[in-house]
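Heads up, the thing below is written out as structure tokens.
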Amino acid sequence: MSRVRPEARPRCRTGALPALLLAAGVAGLTSPAAAQLRGTVAGDDSSIIYANGVPQDGQETGLPQPSYQPFSAGAVPDEAADGENDPAGDLNAEAEPAEPARPQNAAPDGETDETVTGTVREPTIDSVEDLPLDGGAARAGAIEGLNAEPEEAPFEAPGIRMGSFVLRPSVEQGLTATSNADSSTTGGSAVLSETTLRLNAVSDWASNSLTIDAYGVYRKTLSGDEVEDGAAGIDATLQLDLGNDYRATATLGYAMAPESAASPVVIVGAASEPLRQTVTGSLALEKDVGKARFRITGGIADDSYGDADLEGGGTLSQQDRDATLYTLALRAGYEISPALTPFIETEIGRNLYDLEVDSAGYARSSDQFAVRGGLAFDLGEKLSGEVSAGWVSEDFDDPRLRTISTPSFGGELAWSPMRGTMVGLSGLTTLEGTTTPGESGSVLYSGALSVEREMRANLTGNAILGAGLRNYSGSDGRDLIFNAEAGLTWWLNRYAGVTTRVRHERVESNLGDRDSQTNSVFLGLKVQR
4 MSRVRPEARP RCRTGALPAL LLAAGVAGLT SPAAAQLRGT VAGDDSSIIY ANGVPQDGQE
64 TGLPQPSYQP FSAGAVPDEA ADGENDPAGD LNAEAEPAEP ARPQNAAPDG ETDETVTGTV
124 REPTIDSVED LPLDGGAARA GAIEGLNAEP EEAPFEAPGI RMGSFVLRPS VEQGLTATSN
184 ADSSTTGGSA VLSETTLRLN AVSDWASNSL TIDAYGVYRK TLSGDEVEDG AAGIDATLQL
244 DLGNDYRATA TLGYAMAPES AASPVVIVGA ASEPLRQTVT GSLALEKDVG KARFRITGGI
304 ADDSYGDADL EGGGTLSQQD RDATLYTLAL RAGYEISPAL TPFIETEIGR NLYDLEVDSA
364 GYARSSDQFA VRGGLAFDLG EKLSGEVSAG WVSEDFDDPR LRTISTPSFG GELAWSPMRG
424 TMVGLSGLTT LEGTTTPGES GSVLYSGALS VEREMRANLT GNAILGAGLR NYSGSDGRDL
484 IFNAEAGLTW WLNRYAGVTT RVRHERVESN LGDRDSQTNS VFLGLKVQR
């Protein structure tokens with residue numbers, strides 16, 4: 004009897020089941036990682052599963068298909084019973100449009116305001132600060148389009164810089180026609196060549212200043228009465244700021260010229276006036292204490308005379324007239340306003356003659372005393388200067404000479420009533436000595452009014468009006484002196500100009516042989532640098 008061997012199928016099925024479960028588990032674990040690394044796969048994923056031994060849908064395997072269970076509930080929609088929500092179903096199906104979002108809990112119209120209730124961004128500090136604009140960053144205009152400002156003084160001398168000084172030299176050359184060549188009582192008419200040199204030097208220092216003015220004049224007759232003379236002078240002023248409201252002012256001057264025909268001393272028989280030389284100097288120290296003003300000034304003035312030429316030949320010495328005056332003045336004032344300062348001043352002096360006793364036997368050295376009160380002005384360029392009035396006396400060493408005692412006045416003002424116009428006013432009281440035996444001397448009151456006007460940029464004019472009254476001590480003699488001058492300068496350019504002036508001088512006296520009159524006209528060319 005033959006035996007039938009049992010089929011080996013159940014054994015094979017028993018070994019395949021674990022293999023299928025292992026393959027499904029591996030596929031389930033690797034599919035999410037592969038999806039993250041590769042992204043969405045456009046092809047059919049079922050072919051990959053089939054290639055790994057997992058049957059596709061529709062194939063009979065005899066085992067139920069496990070459904071995908073996400074880790075988080077609700078991550079995928081629930082699967083319907085009919086399988087319509089299968090994501091692997093119809094991939095080309097059009098998605099239904101979602102309903103538009105509708106606002107929820109919106110406030111009715113008209114119930115909102117502009118009050119900020121949320122977080123507001125604060126502005127930066129740079130936007131809050133009002134920073135000034137940098138003018139240098141502005142675009143510069145073209146040079147051709149700029150309107151150049153006119154020069155304030157287009158015909159003023161530019162000057163020559165030499166170290167810390169600015170020099171302004173000038174030369175004036177011309178002809179003078181005069182009715183009285185030497186301004187004497189017997190002078191005649193003449194045509195003279197006149198040359199004038201001038202130099203102005205101003206320091207360019209930070210706090211202190213030094214000003215120097217020098218001049219020289221030479222005249223020579225071309226026709227008419229023979230005259231040949233000259234004059235020269237220099238003045239220097241040094242101003243120092245010493246600190247602590249202390250200021251110092253020093254002056255030095257020198258002048259040389261023939262003695263004027265209006266001199267109080269008449270030399271009988273002289274062919275020409277003697278040469279007079281004057282040296283002056285002063286040193287002043289000022290101190291301000293609050294509104295109080297104090298000043299002390301020491302001064303010196305030396306006069307010397309050359310010999311006079313006589314008509315008949317020979318010379319006459321004038322050494323008897325040589326003298327030196329030393330003075331010391333004290334001033335105290337109070338500033339009642341920045342522009343006005345009243346003051347009182349007292350001055351003492353000693354006038355020493357080189358000869359203790361002159362040729363006539365008189366000791367003419369003397370002591371001088373003066374007291375004055377005045378008012379100082381300081382309105383800047385508009386008005387500056389001072390005026391004063393008082394009393395002055397001179398007591399001689401020789402008791403035979405009468406003491407001179409007289410009122411005095413003086414002052415110097417500079418006033419600019421309008422732009423381009425300058426008005427000057429000056430006055431002075433002078434005690435004059437003499438060598439006439441038995442006479443003490445004379446007192447001269449003099450004053451001058453000057454006006455300078457810039458009529459146009461290239462045309463300037465000036466006028467001077469002066470007068471003097473001389474009273475002789477010990478007699479009723481007096482002299483009346485009058486002079487007037489007017490001039491014009493037409494500038495061709497900054498360096499050259501044509502200048503002209505007319506002048507009148509007259510001396511009237513109740514003493515004999517002192518009356519004189521002079522009229523003159525000058526025309527020339529002025530060159531400056």
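With positions in the sequence shown counted from 1, the corresponding number in the numbering used here is that position plus 3. The beta carbon of each residue, even a glycine, is placed where N, CA and C say it ideally should be. Just so it is clear, the structure is predicted and the values come from calculations on it, not from any experiment.
DSSP-derived helix/strand/coil call for residue i
{"i": "Q322", "result": "helix"}
{"i": "W208", "result": "coil"}
{"i": "T327", "result": "strand"}
{"i": "K385", "result": "coil"}
{"i": "I52", "result": "In this prediction, I52 has a pLDDT of 42, which is less than 50 and means its spatial position is unreliable; what the coordinates show is noted afterwards. Helix, per DSSP."}
{"i": "E276", "result": "coil"}
{"i": "M421", "result": "coil"}
{"i": "V271", "result": "coil"}
{"i": "E154", "result": "coil"}
{"i": "P161", "result": "coil"}
{"i": "K294", "result": "coil"}
{"i": "D398", "result": "strand"}
{"i": "D312", "result": "strand"}
{"i": "T179", "result": "strand"}
{"i": "E508", "result": "strand"}
{"i": "L514", "result": "coil"}
{"i": "V530", "result": "strand"}
Beta-carbon gap between residue i and residue j smaller than 8 Å
{"i": "R532", "j": "I163", "result": "yes"}
{"i": "S536", "j": "R405", "result": "In the structure as shown, the chain starts at 4 and stops at 532, and residue 536 therefore has no counterpart that could be examined."}
{"i": "T349", "j": "V374", "result": "yes"}
{"i": "T214", "j": "A253", "result": "no"}
{"i": "V510", "j": "D518", "result": "yes"}
{"i": "N522", "j": "T181", "result": "yes"}
{"i": "A417", "j": "G388", "result": "yes"}
{"i": "K294", "j": "E338", "result": "yes"}
Residue i versus residue j - alpha carbon distance
{"i": "R296", "j": "F346", "result": "8 Å"}
{"i": "A209", "j": "L288", "result": "20 Å"}
{"i": "R481", "j": "A487", "result": "20 Å"}
{"i": "A258", "j": "G441", "result": "30 Å"}
{"i": "E415", "j": "G315", "result": "44 Å"}
{"i": "L491", "j": "S396", "result": "42 Å"}
{"i": "S449", "j": "L313", "result": "30 Å"}
{"i": "S453", "j": "I299", "result": "30 Å"}
{"i": "Q176", "j": "G233", "result": "14 Å"}
{"i": "Y221", "j": "T409", "result": "38 Å"}
{"i": "V230", "j": "K223", "result": "6 Å"}
{"i": "L358", "j": "S320", "result": "13 Å"}
{"i": "A425", "j": "R171", "result": "Correcting the residue type first, residue 425 is Met in the shown sequence and not Ala. C-alpha separation (whole angstroms): 21 Å."}
{"i": "Y218", "j": "A379", "result": "30 Å"}
{"i": "V174", "j": "G364", "result": "48 Å"}
{"i": "P153", "j": "L462", "result": "17 Å"}
{"i": "D248", "j": "V169", "result": "28 Å"}
{"i": "E455", "j": "V505", "result": "15 Å"}
Burial state of residue i, where buried means 16 or more other Cβ atoms lie within 10 Å
{"i": "R484", "result": "Rather than Arg, the amino acid found at residue 484 in this sequence is Ile. With 16 or more Cβ atoms within 10 Å of its Cβ, I484 is classed as buried."}
{"i": "L382", "result": "exposed"}
{"i": "R422", "result": "exposed"}
{"i": "D47", "result": "Low local confidence applies: a pLDDT of 45 at D47 is under 50, so the model's placement there is unreliable, with the coordinate-based value given in what follows. Exposed: under 16 other Cβ atoms inside 10 Å."}
{"i": "A156", "result": "exposed"}
{"i": "R279", "result": "buried"}
{"i": "L434", "result": "buried"}
{"i": "E125", "result": "exposed"}
{"i": "P420", "result": "exposed"}
{"i": "D207", "result": "exposed"}
{"i": "P277", "result": "buried"}
{"i": "G570", "result": "Given a span of 4 to 532 for the chain in the structure shown, any question on residue 570 remains unanswerable."}
{"i": "V446", "result": "buried"}
{"i": "K529", "result": "buried"}
Any chain C beta carbon closer than 8 Å to residue i
{"i": "G414", "result": "Included in the structure is just one protein chain, with no chain C present."}
Check: residue i C-beta below 7 Å from any heavy atom of the ligand SAH
{"i": "R250", "result": "Absence of the ligand SAH from the depicted structure is noted, as is the absence of any ligand whatsoever, leaving it without description."}
Worksheet entry | Unbroken stretches of the beta strand (DSSP E), 3 residues or longer, contained in the segment 439-504 | 445-459, 462-475, 481-494
Discussion item. Extract the residue ranges of the beta strand (DSSP E) inside the segment 326-378, only unbroken runs of 3 or more that lie entirely within it.
Written reply: 326-337, 343-356
Item to complete: Entirely within the segment 190-268 and at least 3 residues each: give me those beta strand (DSSP E) ranges in chain order.
Response: The DSSP assignment places 193-206, 212-227, 231-246, 249-261 as complete runs of the beta strand (DSSP E) inside the segment 190-268, in order along the chain (cut-off: 3 residues).
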